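The next block holds one structure in the form of structure tokens; read it before the comments.
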Amino acid sequence: MGDRRKGQEEPESFFKSLSSSAPFTEKDLSRKKDTYLIEALHQNEMKGLRMVSGGLIFGTDKNGRFEPSAQLALAMRQEDYVQRINLTASDERAVRYLKGETILSDCMDKGYVLVCVDGYPLGWCKGNGSGTLKNKYYPGWRMQ
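Below is the structure:
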């Protein structure tokens, strides 16, 4: 779905990190401008309806690279994504994540990591492969 520079992720390769239990597949993906959507209904089923949004925002194309959406993280279960970290509510890293700070982990994954607290997904971090997870939590939702 477009030209990419070396090392930049496309939504199709992001699908490879989804487990087989995920409730959607790559064939459900469509693109409208820079936004990738997972269609809730097929277009022919929506004829005559005025829709604000016809599905779940899967991610966006930002400066030539794919970024998964915060809404996608909230719509998933922890077992739907292979690269994930599960924190407990009492872990100080959970609060640091909610504040928008970078967190450290024994997670050595590179690329997007699903951050969960007590098994419930909150959002994304981007791992550098050395245990540092750069926060991708939606800025408008961050704790003060």
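For the sequence shown, my numbering assigns the number 78 to the initial residue and increments by one for each residue that follows. Glycine included, each C-beta is placed from N, C-alpha and C at the ideal position. Because the structure is a prediction, the values reported are computed rather than measured.
For the alpha helix (DSSP H) containing residue i, name the first residue and the last one.
{"i": "Val172", "result": "Glu169 to Leu175"}
{"i": "Phe92", "result": "Pro88 to Phe92"}
Among the residues of its own chain, which have a CB less than 8 Å from the CB of residue i, if the five just before and after it don't count?
{"i": "Arg81", "result": "For Arg81, the predicted model reports a pLDDT of 44, less than 50, meaning its position is unreliable; a value from the coordinates is still stated below. Correct list, in chain order: Glu87, Gly141 and Arg142."}
{"i": "Cys193", "result": "Gln155, Arg161, Ile162, Asn163, Leu164 and Leu199"}
Under the DSSP definition of a beta bridge, which residues are partnered with residue i?
{"i": "Asn205", "result": "Lys187"}
{"i": "Ser107", "result": "Leu114"}
{"i": "Val192", "result": "Ile162 and Gly200"}
{"i": "Arg225", "result": "Outside the displayed range of the chain (78 to 221) lies residue 225, so it cannot be described from this structure."}
{"i": "Lys211", "result": "Lys203"}
{"i": "Gly132", "result": "Glu116"}
Quick one: what's got a C-beta closer than 7 Å to residue i's C-beta in the same chain, skipping five residues either side?
{"i": "Gly208", "result": "Leu181, Ser182, Asp183, Cys184 and Met185"}
{"i": "Lys176", "result": "Arg219 and Met220"}
{"i": "Asp157", "result": "Leu95, Ser96, Ser98 and Ala99"}
{"i": "Glu116", "result": "Asp105, Ser107, Gly131 and Gly132"}
{"i": "Gln148", "result": "Leu133 and Ile134"}
{"i": "Ala152", "result": "Leu133"}
Are the CB atoms of residue j and residue i within a distance shorter than 9 Å?
{"i": "Val159", "j": "Ser94", "result": "yes"}
{"i": "Glu144", "j": "Lys211", "result": "no"}
{"i": "Lys203", "j": "Gly217", "result": "no"}
{"i": "Thr102", "j": "Phe91", "result": "no"}
Excluding five sequence neighbours on each side, which residues of the same chain lie with their C-beta closer than 6 Å to the C-beta of residue i?
{"i": "Val172", "result": "none"}
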